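To start, the structure itself, in structure tokens.
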Amino acid sequence: MLAKLGYSAKAFYDTDKGSQYTRHRHCLEGTRQKILENIQHWAENAGESTGYWIWGMAGTGKSTIAMSACNLFKKSEECALVASFFCSRQIEECRDYRTIIPTLAYQLARGFRRFAVVLRDIYNADPEIASKQPEEQVLNLLIEPWKAVLAFQNQRRVPVIVLDALDECTEVQRALKPLIAAIEEGKLAQIKFLFTSRPEQPVQLLLHSNQLNMPDIPSKVKVFELHGVEKDEVQKDINAYVTAELKSIATEKHLQELTELAGNLFIFAATVVKYVKGIKDASSQLHRLEKALKDNKHQELDQLYAGVLQDVIGENFEKDEVDTRWNILHTMVALLQPMTCKGIAVMASSGEDTVRVLIEQLQAFCFISAKDQCVHTFHLSFTEYITRRDKMNIAKYHAKLSIHCFKQMEQLRFNMCDLPSSFVPDAEVEGLQERIKERIGETLEYSSHFWGNHVLTTGPLVRNVTVEMESFLKAKGVYWIEAMSLMNALLKCGVLAALLKVSN
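According to UniProt numbering, the residues represented by the sequence shown are 1 to 504, in order.
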């Protein structure tokens with residue numbers, strides 16, 4: 001039964017799926033001590049607030065702290081980590097608000113037998129419960145089963161749930177709103193919740209909602225501003241980190257310079273370290289470090305990205321070569337899920353070798369995963385830098401990707417997988433997944449899933465693609481729906497409603 005809840009194992013704090021992402025690193029021993037001590041004190045003391053929201057700008061180490069907090073809770077004799085959900089824009093199921101509550105419920109059921117018994121009864125009464133609105137999910141997947149746990153005993157160790165990087169989850173407010181309401185109303189008594197996010201408005205409004213609506217009543221969610229930590233304290237921790245990573249090649253002067261350039265951004269230091277250690281011999285590493293430190297105007301991560309990109313796409317290339325490389329980068333960051341070098345090349349109308357070489361040259365920022373062969377970025381800030389560099393270009397690339405998607409979907413036809421009979425359910429067709437992989441493939445699958453999202457993101461350029469969209473729907477619309485059914489993705493066809501509004 002638990003396996004049918006629609007949970008995401010990739011969102012667990014300690015999963016090895018997606019472990020290449022920086023969000024799965026923990027703090028270097030001896031760093032962020034005050035913050036972690038505060039978190040541990042909050043978690044282990046019943047008199048403290050039910051919720052704890054750590055917020056801060058990109059690169060301040062929120063996810064690293066959340067990871068370390070999970071480790072602390074696992075080892076503590078006073079509290080216990082009972083569930084976690086680490087959001088990620090890079091992993092589709094980890095950016096989908098609909099998987100948050102089922103994932104928490106799954107983990108609670110694994111840890112509490114009485115919770116599992118009630119959850120099983122609720123699921124048997126309504127097997128579709130995990131696909132219902134978040135309000136129903138919170139009530140039936142969390143509140144009702146938790147009542148059974150509380151009815152029999154108080155918890156010897158304080159249960160703690162960690163939700164990290166809320167801002168990386170699409171429409172997270174839809175799941176967060178009923179969850180926060182349950183916390184404020186005491187319907188999940190004894191459980192503590194640790195949240196981390198950037199200070200984006202939807203999250204901020206919800207986590208501050210009680211203070212805004214009832215300022216005289218203390219909120220059950222404590223707030224901690226991470227980038228408000230004293231700079232000296234952050235600098236000390238960053239220095240400890242860069243010293244541990246680069247002491248074999250760097251002088252004290254180098255380490256101090258890098259520490260100062262990083263400011264409050266751990267990600268700045270981490271990005272320099274990745275860049276420096278991207279080559280094996282010590283002399284080349286030292287050269288890279290000195291190059292990264294050379295421009296004393298580096299105050300933010302953008303300058304580091306700009307410096308490396310100048311080397312990779314700089315004066316040594318002809319204009320058409322520069323244009324090709326920027327086209328690949330813009331295409332890559334506009335894609336809505338990671339693709340292989342071959343897939344990126346198709347969507348960018350470029351050569352696969354050109355894409356692969358570019359990614360290898362940008363190994364400080366992105367890499368080809370050994371697990372899925374897709375290109376991933378180490379940190380969202382690189383994508384944001386490319387996007388910020390030319391906002392209009394991003395709209396243009398979404399328009400271009402829309403057109404590429406339509407071209408790919410010209411391959412769609414009746415019975416794409418040549419199934420022997422329409423009367424046999426897909427689940428009973430032997431080797432169907434292999435057929436889908438062979439007949440549909442990466443770029444056609446991507447195009448079928450995301451063409452509508454690209455059209456909706458073209459902004460003022462949407463009129464440029466509506467003719468192609470209408471032509472596609474008339475010629476291939478039925479075959480597209482058939483293909484989406486084969487891929488068990490019919491829910492994504494709901495994008496048509498939004499597209500019809502745009503086209504009208």
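Backbone N, C-alpha and C define an ideal beta-carbon position, used for all residues, glycine too.
Fair warning: this is a prediction, and the values are worked out from it, not measured in the lab.
Residue i burial status per 10 Å Cβ neighbour count (16 or more: buried)
i	result
G59	buried
T251	exposed
R463	exposed
M214	Unreliable positioning characterises M214 in this predicted model, as indicated by a pLDDT of 43, which lies under 50. The coordinate reading is nonetheless provided below. Classification for M214: exposed.
K400	buried
D418	exposed
A498	exposed
G452	buried
K192	buried
V234	buried
P338	buried
residue 564	Past the edges of the chain, shown from 1 to 504, lies residue 564, and the structure says nothing about it.
I129	buried
K476	buried
I279	exposed
F414	exposed
F152	exposed
T196	buried
V467	exposed
R288	buried
Q137	buried
Coil, strand or helix - residue i by DSSP
i	result
E78	coil
V333	helix
H376	strand
P159	strand
T387	helix
G494	helix
Y13	coil
C405	helix
F85	strand
D418	coil
Y397	helix
T64	helix
I436	helix
S381	helix
K132	coil
Y106	helix
E352	helix
P215	Low confidence applies here, because P215 scores a pLDDT of 45, under 50, leaving its location unreliable; read the following figure in that light. Here P215 sits in coil by DSSP.
C70	helix
Y479	helix
residue 505	Absent from the model: residue 505. The displayed extent of the chain is 1 to 504, so no value can be given.
L2	helix
Q411	helix
K371	coil
V138	helix
E144	helix
E48	coil
E430	coil
Beta strand (DSSP E) segment containing residue i, residue limits
i	result
E225	V221 to E225
C94	Where C94 is concerned, there is no enclosing beta strand (DSSP E), given that its DSSP letter is neither H nor E.
C341	Looking at the DSSP string, C341 is not in any beta strand (DSSP E); the run it does join, the alpha helix (DSSP H), is C341 to A348.
F450	It is not in any beta strand (DSSP E) - F450 instead sits in the alpha helix (DSSP H) that spans G441 to L456.
G459	Counting along the chain, G459 falls outside any beta strand (DSSP E), and DSSP gives it neither H nor E.
F367	C366 to I368
Y241	Run containing Y241: none in the beta strand (DSSP E); it sits in the alpha helix (DSSP H), K231 to L246.
I54	G51 to W55
Proximity below 8 Å, CB of residue i to CB of residue j
i	j	result
E77	K10	no
K222	S49	yes
G61	F266	yes
L28	Y241	yes
A292	V272	yes
T340	Q363	no
M409	L456	no
Y106	L2	yes
S68	R32	yes
Y13	F115	no
K274	F406	no
Residue span of the alpha helix (DSSP H) that contains residue i, given as start and end
i	result
D121	R113 to A125
A489	First-last for A489: undefined, no H or E at that position.
K34	Q33 to E44
L28	Careful: L28 lies outside any alpha helix (DSSP H) and carries neither H nor E.
Segments of 4+ residues assigned as alpha helix (DSSP H) that fall wholly inside the region 251 to 338: Along the length of the region 251 to 338, whole alpha helix (DSSP H) runs at least 4 residues long occupy 252 to 262, 266 to 276, 282 to 294, 301 to 312 and 319 to 334, reported in chain order.
Which runs of the beta strand (DSSP E) fall wholly inside the region 160 to 207 and span at least 3 residues, in chain order? Along the region 160 to 207, the beta strand (DSSP E) occurs as fully enclosed runs of 3 or more residues at 192 to 197, listed in sequence order.
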